[in-house]
Structures are given as structure tokens and as C-alpha cells.
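Q: At position 62 of the sequence shown the residue is numbered 218 (the working numbering), and the sequence of numbers has no breaks.
Using N, Cα and C, we set each Cβ at its ideal position, and we do this for glycine too.
Have a look at the structure that comes next, please.
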Amino acid sequence: MASPSASAPVSTAAPVSASGELRFDSGRSSLDLLTTAHPEERLDSVVRLRAWLVGSGLVPADTPLRGAGPAWLAAVRELRDHIEQLVCGELDGRPAPAALERVNALARCAPPAPCAIRRADGTLDRALHADPGCRELLAAVARDAVELLTDPAARSCLRRCEGDSCPIIYLDTSRGRRRRWCSSEVCGNRERVARHRRRAALART
Numbered sequence: 157m158a159s160p161s162a163s164a165p166v167s168t169a170a171p172v173s174a175s176g177e178l179r180f181d182s183g184r185s186s187l188d189l190l191t192t193a194h195p196e197e198r199l200d201s202v203v204r205l206r207a208w209l210v211g212s213g214l215v216p217a218d219t220p221l222r223g224a225g226p227a228w229l230a231a232v233r234e235l236r237d238h239i240e241q242l243v244c245g246e247l248d249g250r251p252a253p254a255a256l257e258r259v260n261a262l263a264r265c266a267p268p269a270p271c272a273i274r275r276a277d278g279t280l281d282r283a284l285h286a287d288p289g290c291r292e293l294l295a296a297v298a299r300d301a302v303e304l305l306t307d308p309a310a311r312s313c314l315r316r317c318e319g320d321s322c323p324i325i326y327l328d329t330s331r332g333r334r335r336r337w338c339s340s341e342v343c344g345n346r347e348r349v350a351r352h353r354r355r356a357a358l359a360r361t
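In C-alpha cells, the structure reads:
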């Protein structure tokens with residue numbers, strides 16, 4: 157069984173740099189995967205891939221992931237491309253049959269099996285029955301994409317960020333469905349700063 161240490165609480169949060177290298181605010185793990193390609197490649201190492209897998213909640217923090225290597229990086233990036241084609245196709249009315257076939261194929265594999273373990277303090281913690289392989293992890297993300305795109309309610313909440321040159325797609329679950337940006341702190345703040353500068357420039361004329 158792949159299990160976290162029972163001596164101390166385990167955090168499932170991945171490190172996020174000041175520049176937002178890893179983000180987990182899109183609403184679904186499959187959409188969070190898409191953010192790793194913007195504004196540059198974020199899954200550029202096995203260390204970063206491990207951080208993303210933990211931050212996305214796919215694996216507990218102390219999961220060994222002994223097989224992780226360059227082949228995993230390539231496979232995850234390939235899945236990311238297929239999911240992007242599918243999601244953008246849904247928003248734009250452009251079917252992506254090849255991407256759909258590939259995502260469906262990956263989703264057929266069983267995802268990592270979770271289990272509960274008793275910690276030293278008596279509480280239950282999440283672990284995995286076994287150290288997952290790449291196929292199992294790809295299946296978890298592929299299944300999330302399938303569930304997202306086949307759920308009419310969830311699909312209707314897909315939004316593109318209104319930030320300038322920002323391609324990020326997120327799930328808008330805000331009240332009234334009024335969320336405009338992938339992140340109020342990132343693109344939202346840029347828009348507010350730009351608006352302030354425009355007003356200041358007009359005031360000087």
C-alpha cells in the first residue's frame with residue numbers, strides 16, 4: 157500500500173511560485189492540467205509533475221511514484237493536448253474526433269484505488285492501495301474530462317478567461333455565473349491596473 161507517514165499531518169497542497177507556475181483554481185483537475193501550458197511550459201521536470209499530481213489531489217503527498225520519469229511527462233503533455241482540443245472544440249462548436257478517441261481510450265483504464273488508513277492520532281487519512289503507474293493517473297484525468305464534458309450542467313459553466321491573451325478555461329461556479337477571469341488576483345488585477353491607467357491618461361488630456 158502506498159501510504160503517507162502516520163507521524164504527522166500530510167498536506168496535499170503543491171508549491172505555487174509567486175509567478176503562478178502551478179495553479180489549481182480552474183475547478184476541475186482536467187482543466188487545471190490545461191493551465192500548465194500557459195504562459196510557458198510548467199511541466200518541465202519530473203519534480204514539477206509530482207507537485208502537480210499532489211496539488212491536483214490525484215495522489216497524497218507522500219505517494220512514492222517510483223516509475224515517474226520523462227515518459228510520464230510526455231504522456232501527460234499528450235493528454236493535455238487532447239483535452240485542450242476537446243474542451244475548445246465544445247466551446248467553439250468544432251468536434252475533435254481523434255482527441256475524443258484518445259481520451260476515451262485512456263479513460264478505460266482504472267484510476268488509482270484510494271483507501272483510508274488510521275494515523276497515529278486515531279484519525280483516518282487518504283492513501284492509495286498501491287503506488288500508481290502512469291496509465292492509472294492518466295485515466296483519472298481522462299475520466300474527469302469525460303465527466304465534465306458529458307455533464308450538461310458542468311459543461312454550461314465552462315468559460316474562457318477575459319484577460320488579454322489569456323487562454324485559460326475554467327468552470328464558473330460563482331453566484332450568477334459572473335466570474336470573468338481565470339483568477340481575480342492575476343488577470344483580474346491586470347485588467348484593473350490597465351483600466352486605472354487608461355483613466356489616468358484620459359484625466360491628463
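Give me, in chain order, the residues of the same chain whose beta-carbon lies closer than 7 Å to that of L235; leave out the 5 immediate sequence neighbours on both sides.
A: L262, L294, V297, A298
Q: Just to confirm my understanding: we take R316, look at its own chain, exclude 5 residues before and 5 after, and list those with CB closer than 6 Å. What are they?
A: I325, listed in sequence order.
Q: With DSSP as the reference, identify every bridge partner of L256, one or two as the case may be.
A: Looking at the DSSP assignment, L256 forms no beta bridge with any residue, so it has no partner.
Q: Within the stretch 270 to 333, note down every full alpha helix (DSSP H) run reaching 4 residues or more, in order along the chain.
A: 290 to 306, 308 to 311
Q: Please classify G211: does DSSP put it in a helix, a strand, or coil?
A: helix
Q: Give a yes or no on whether the minimum CB-CB distance between R335 and chain D is below 8 Å.
A: Here there is only one protein chain, and chain D is not present.
Q: Who are the near neighbours of A272 in its chain, counting only those whose CB is closer than 8 Å to its CB and skipping five residues on each side?
A: Sequence-distant partners of A272 (beyond 5 residues in either direction) whose C-beta falls short of 8 Å from its own C-beta, in its chain, are L280, D281, R282, A283.
Q: Leaving out the 5 sequence neighbours to the left and right, which residues in its chain are closer than 8 Å to E246 when beta-carbon positions are compared?
A: So the list reads L305, R311, L314, once near-sequence residues are dropped.
Q: For V243, count the other beta carbons within 10 Å of its own beta carbon; 16 or more makes it buried, fewer makes it exposed. Which is it?
A: buried
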